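Comments concern the structure below.
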Amino acid sequence: MEYLFRFLAGGIVVSTFAVLGDVLRPKSFAGLFGAAPSVALATLSLTLWKEGSDYVSIEGRSMILGALALAAYSLLVCQLLMRARWSALAATTTAILPWLAIALGSKQLFLG
Amino acid sequence: MVVRVKWSAFKQSRWYEYVLRFVLGGLATTLAEGVANGFGPEAGGLFLAFPAIFCASATLIEKHERERKQRLGLSGYRRGIDAAALDAAGAGLGSIGLALFGLGVCLLAPTLAIGSLVLGSVAWLAVSVSLWRLRRELRFVK
Numbered sequence: 001m002e003y004l005f006r007f008l009a010g011g012i013v014v015s016t017f018a019v020l021g022d023v024l025r026p027k028s029f030a031g032l033f034g035a036a037p038s039v040a041l042a043t044l045s046l047t048l049w050k051e052g053s054d055y056v057s058i059e060g061r062s063m064i065l066g067a068l069a070l071a072a073y074s075l076l077v078c079q080l081l082m083r084a085r086w087s088a089l090a091a092t093t094t095a096i097l098p099w100l101a102i103a104l105g106s107k108q109l110f111l112g
Numbered sequence: 113m114v115v116r117v118k119w120s121a122f123k124q125s126r127w128y129e130y131v132l133r134f135v136l137g138g139l140a141t142t143l144a145e146g147v148a149n150g151f152g153p154e155a156g157g158l159f160l161a162f163p164a165i166f167c168a169s170a171t172l173i174e175k176h177e178r179e180r181k182q183r184l185g186l187s188g189y190r191r192g193i194d195a196a197a198l199d200a201a202g203a204g205l206g207s208i209g210l211a212l213f214g215l216g217v218c219l220l221a222p223t224l225a226i227g228s229l230v231l232g233s234v235a236w237l238a239v240s241v242s243l244w245r246l247r248r249e250l251r252f253v254k
């Protein structure tokens, strides 16, 4: 039941930010909403209520590393599109592997 | 160029595209929770910045832009890819703001609880928009 509630909350928040990204122009500005804290807001507000603020603080700390991995991911996707002329689907799905490697590697390195 | 709202963009999207993003958003949220439950909050926190939604958004942007050009009798292939690349560049700047969101939550959650999420969101928006403006200014100077 809790997972269903989280699924609905995540879907609503993410869709709201996605619609904002759809209607805003120029496109480079709309792209900012591709890295909006939508999943974080849905997850952390429910976690705050269930697990408490210390737990949320720990999640926030490792989220910094996830976000920096997302910056590297976006840069890689941009290069694959502009230089290699890959399709958006191919570039965004392939770059997930480096995101995982950077996120998990930096967590291991900095947080143990 | 100033930021503006283009309401006609709603007409380009089909109902199943909204459903797709809703489902992906829900799945990304449950994935983050599942990882936190299975491997602890440090691993779960990483997945709060998982790029699941970005795959769908960039693909839809490419498709919409290509279709728009095809209606004018052009192939639209290059234009679609360029539009998706611009979106990715914006997401790169937004990710720096997202890291600041995480830092704000990490530092403020023990004292401000839900207020840390509000302040973190404000920090994300302020930093992302400032970096976007700075990038534009630098481009014009060049």
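One line per chain: the protein sequences are X and D, in this order. Our numbering numbers the first residue of the first sequence as 1 and each following residue consecutively. Our numbering numbers the first residue of the second sequence as 113 and each following residue consecutively. All C-beta atoms in this analysis are idealised placements derived from N, C-alpha and C, irrespective of residue type, glycine included. The structure displayed is predicted, hence computed values, not measured ones.
Listed in chain order, the positions of the segment 199-211 of chain D with a beta carbon within less than 8 Å of a beta carbon of chain X are 199, 200, 201, 202, 203, 204, 205, 206, 207, 208, 209, 210, 211. What residue 118 of chain D touches in chain X, judged by beta-carbon distance under 7 Å, is 23, 25, going in chain order. The beta carbons of residue 74 of chain X and residue 200 of chain D sit closer together than 8 Å.
Interface annotation, residue 179 of chain D: not in contact with chain X, CB-CB separation never under 8 Å. Residue 217 of chain D reaches chain X at 40, 44, 56, 57, 59, 60, 63, counting residues in chain order whose Cβ is nearer than 8 Å. Taking a cut-off of 8 Å on C-beta distances, the segment 100-112 of chain X does not touch the segment 214-222 of chain D, as fewer than three cross pairs fall below it. Segment contact: the segment 90-99 of chain X against the segment 177-192 of chain D, fewer than three CB-CB distances shorter than 8 Å; contact not assigned. For residue 176 of chain D, the CB contacts under 7 Å within the same chain, skipping 5 residues up- and downstream, are 124 in chain order. Burial state of residue 54 of chain X is exposed, judged by a 10 Å Cβ sphere holding fewer than 16 other Cβ atoms. A straight line joining the alpha-carbon of residue 45 of chain X with that of residue 229 of chain D spans about 8 Å. Residue-level contact by beta carbon fails for residue 126 of chain D and chain X, as no gap is shorter than 8 Å. Residue pairing by DSSP puts residue 25 of chain X in a beta bridge opposite D/116.
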